[in-house]
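Below is one structure, written out as structure tokens, with a few remarks after it.
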Amino acid sequence: MEEYIKYWGLEQHPFILAPDGRMMCVTGQYFECLERLKYAINTNKGGALIVSEEAGLGKTTTIFRLIDDMRAQYGETFKFAYIDHPTLTPSQMIAYITGSIKDFQSNEKTPSNLTIDFLDNRMHIVSDLQQDGDKLKNLLVLKDALTEVKEQGGKSIIVIDEGQMLCGAEDVLQELRMLINLTHNNEYLHTFILSGQKALWETIKNMPEFWQRLPVRYYFTPLRFEETRELLRYRLNKAGLDVARDIFTDDALEIIHKYSKGLPRTIIALADLALLAGYTDRTRKITFKEVSKAINAMTGRGDSLPYIDTERKDSDRQSSERIPPQPSKKVETDKKHVEYVAHDFRDDHDLEERGITYSRPFLIALSVVFSLFFGGMGYHLLTPSKPPETVVILKKETAAQRTESKPQLQENLPKPEGSTEKPASQQQAETIKTDIAEPRKEARPERYAVVNKDAVNVRNAPYLQSQRIGIIFRGESPNIIEERTDGTGAKWYKILLYGNREGWISDTVVVVLSK
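Everything in the sequence shown is counted per the working numbering, starting at 2 for the first residue and increasing by one.
Written as structure tokens, this is what we have:
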């Protein structure tokens with residue numbers, strides 16, 4: 002076992018990518034799918050269809066867990082044929098299934114434990130397949146074997162995984178459909194399970210004769226954040242971690258979920274690389290920093306984060322456009338820039354040890370703030386406040402013109418009893434006050450920023466050296482709350498993050514649109 006696994010106090014690998022039914026977190030949609038599949042098998046429904054929105058959502062792991070559970074329930078009277086590479090001819094497919102049900106000695110093991118024995122038995126099936134390609138004979142042998150299992154009170158299943166590879170092979174699909182028709186005493190002899198990605202769903206749906214024979218169906222979707230957190234916690238506890246201990250911080254879990262887009266395979270791979278990064282840095286918990294390094298390792302971009310590189314290139318390009326080149330200061334500028342990037346990857350303790358400080362930018366910013374504050378105070382004290390006489394005069398002229406345009410007889414008309422009509426002069430004065438007190442406000446359209454980079458930093462202040470507080474990914478569109486320009490002339494937008502937090506992003510990594 003690797004040292005980084007021991008470092009975290011684990012007894013085995015928690016994040017192996019190979020499908021393993023024993024490490025499966027049976028909650029949510031996976032629990033529901035397993036229950037539907039067991040229902041299809043126990044009630045002899047004939048067939049079931051499993052489809053996922055994307056690759057890596059756990060179809061194969063669910064099937065392996067199903068076989069584990071059925072083996073525990075029926076023992077030796079449970080037989081299965083599992084085909085994960087279905088690009089065979091119809092005759093080869095029938096021969097392979099027949100060999101699996103009839104002679105597959107590794108039924109004594111579950112798919113979770115299939116290793117050398119599994120491969121040896123597959124080679125045995127292929128050897129028999131090459132010697133005998135008689136499809137009719139294989140179908141008769143298969144029916145006899147399934148009938149024998151049925152009479153013993155057992156169950157048989159035939160599983161075709163990666164079924165999206167058969168979308169263009171209609172002859173093979175029709176052959177598999179005919180397999181469901183194997184019956185005995187008006188009952189299906191086996192349960193046929195077809196599994197694949199979303200292209201398979203539409204293909205089977207366009208074949209009504211096959212679609213109707215798969216009455217039990219389930220469609221996997223990406224995990225929610227809570228399911229991602231539960232998946233990692235379950236696997237860590239299963240690997241020996243103390244249930245009272247949390248290795249991953251909330252920020253780390255949040256970034257893992259957003260980067261993986263809820264795909265379990267990516268979640269597991271990223272979490273494993275984060276454990277390795279944490280072991281290398283000798284940290285006590287996996288934080289934003291370790292997950293960032295894991296993302297770098299997964300994308301193959303080296304030590305610096307891809308979104309840091311993007312911001313740096315965009316910032317350099319904008320600075321070069323605004324400020325003329327100064328060759329004599331190139332070395333100093335590069336040195337400062339290295340320090341800024343180093344600030345993104347070192348904590349405050351490391352910065353103190355290396356003697357890297359930012360007192361000069363802080364003092365400059367502080368002086369600018371004080372200058373603006375005292376300048377505004379002085380302008381307010383020295384500038385006399387005058388009423389908007391121009392507005393009043395215009396309103397008076399307008400009201401006078403309106404009064405003169407009316408017939409003079411209106412004043413001599415009798416007023417009804419109980420009337421509370423106010424004199425024209427009083428109405429005019431109230432109109433003027435209302436117009437002055439409540440000026441019209443033009444409705445400003447709401448704006449939002451659409452991220453056009455793979456991943457970008459969110460900072461706690463509108464300048465590049467400020468602390469990073471989060472990450473948003475391509476396609477996200479947070480609302481813009483405020484807009485500012487930093488000392489270099491670069492524009493920043495204040496946005497609302499998850500959890501009602503606020504942060505700043507550069508205009509170089511987003512496209513601004515109006516609602």
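We treat Cβ as the ideally placed atom computed from N, Cα and C, and that holds for glycine.
- Item | Anticipated Cβ contact below 8 angstroms, Leu-224 with Pro-265, distance rounded | Taking a contact as a CB-CB distance under 8 angstroms, the pair Leu-224 and Pro-265 counts as one, their CB atoms being some 6 angstroms apart.
- Based on Cα-Cα distance, which residue from Lys-286, Phe-221, Leu-38 lies nearest to Gly-10? That would be Lys-286, whose Cα lies nearest to the Cα of Gly-10.
- Can you grab the Cα-Cα spacing for the pair Ala-450 / Thr-284, in whole Å? Computed Cα separation, rounded: 35 angstroms.
- Message: Excluding the 5 residues flanking Leu-140 on each side, which residues of the same chain have their C-beta closer than 7 angstroms to its C-beta?
- Response: So the qualifying residues of the chain are Ile-95.
- Query: Between Leu-183 and Leu-137, which are expected to be in contact by the criterion C-beta below 8 angstroms, what is the C-beta distance as a whole number of angstroms?
  - Reply: With a Cβ gap of about 13 angstroms, Leu-183 and Leu-137 do not count as contacting.
- Item | Assigned secondary structure, Glu-188 (DSSP; H/G/I helix, E/B strand, else coil) | Here Glu-188 sits in strand by DSSP.
- Message: Could you give the first and the last residue of the continuous beta strand (DSSP E) run that contains Trp-493?
- Response: Unbroken beta strand (DSSP E) run through Trp-493: 492-497.
- Message: Among Ala-298, Ile-257, Gly-263, His-258, whose alpha-carbon lies nearest the alpha-carbon of Leu-277?
- Response: With distances taken between Cα atoms, Leu-277 lies closest to Ala-298.
- Would Gly-263 be called buried (16 or more neighbouring beta carbons within 10 Å of its own) or exposed? Per the 10 Å Cβ criterion, buried.
- Could you check if Lys-80 is buried or exposed, using at least 16 other CB atoms within 10 Å of its CB as the buried criterion? Burial is judged here by how many other beta carbons sit within 10 angstroms of a residue's own beta carbon; Lys-80 has at least 16 and is buried.
- When DSSP builds the beta bridges, which residues end up paired with Lys-80? Paired residue(s): Ser-157.
- Length-filtered (4 minimum) alpha helix (DSSP H) runs lying within the stretch 257-284: As far as the stretch 257-284 is concerned, its whole alpha helix (DSSP H) runs of at least 4 residues are 265-282.
- Query: Along the chain, where does the beta strand (DSSP E) that runs through Val-150 open and close?
  - Reply: According to the DSSP assignment, Val-150 belongs to no beta strand (DSSP E) but to the alpha helix (DSSP H) extending over 136-152.
- Query: Where do the N-terminal and C-terminal ends of the alpha helix (DSSP H) with Tyr-40 fall, by residue?
  - Reply: For Tyr-40, the enclosing alpha helix (DSSP H) starts and ends at 29-43.
- Message: Going by C-alpha to C-alpha distance, which of Glu-291, Phe-374, Ala-272, Glu-255 sits closest to Leu-498?
- Response: Nearest Cα to Leu-498 within the set Glu-291, Phe-374, Ala-272, Glu-255: Glu-255.
- Query: Tell me which same chain residues have a C-beta within less than 7 angstroms of the C-beta of Gly-1, skipping the five on either side of it?
  - Reply: Coverage of the chain is limited to positions 2 through 516, which leaves residue 1 absent and any answer about it impossible.
- Message: According to DSSP, simplified to helix, strand and coil, what is Trp-202?
- Response: When DSSP states are grouped into helix, strand and coil, Trp-202 belongs to the helix group.
- Using the beta-carbon count (16 or more within 10 Å), is Arg-246 buried or exposed? The Cβ neighbour count for Arg-246, taken over all protein chains shown within 10 Å, is under 16; the residue is labelled exposed.
- If I'm right that Arg-236 touches Cys-26 with Cβ under 8 angstroms, what's the distance once you round it to whole angstroms? With a contact defined as Cβ atoms closer than 8 angstroms, Arg-236 and Cys-26 qualify at about 7 angstroms.
- Give me the Cα-Cα distance between Ile-17 and Leu-233, rounded to the nearest whole angstrom. Cα to Cα, Ile-17 sits roughly 12 angstroms from Leu-233.
- Does the Cβ of Ser-157 have 16 or more other Cβ atoms within 10 Å, making it buried, or fewer, making it exposed? Under this definition Ser-157 is a buried residue.
- Message: According to DSSP, is Ile-64 part of a helix, a strand, or is it coil?
- Response: Reduced to three states, the DSSP call for Ile-64 is helix.
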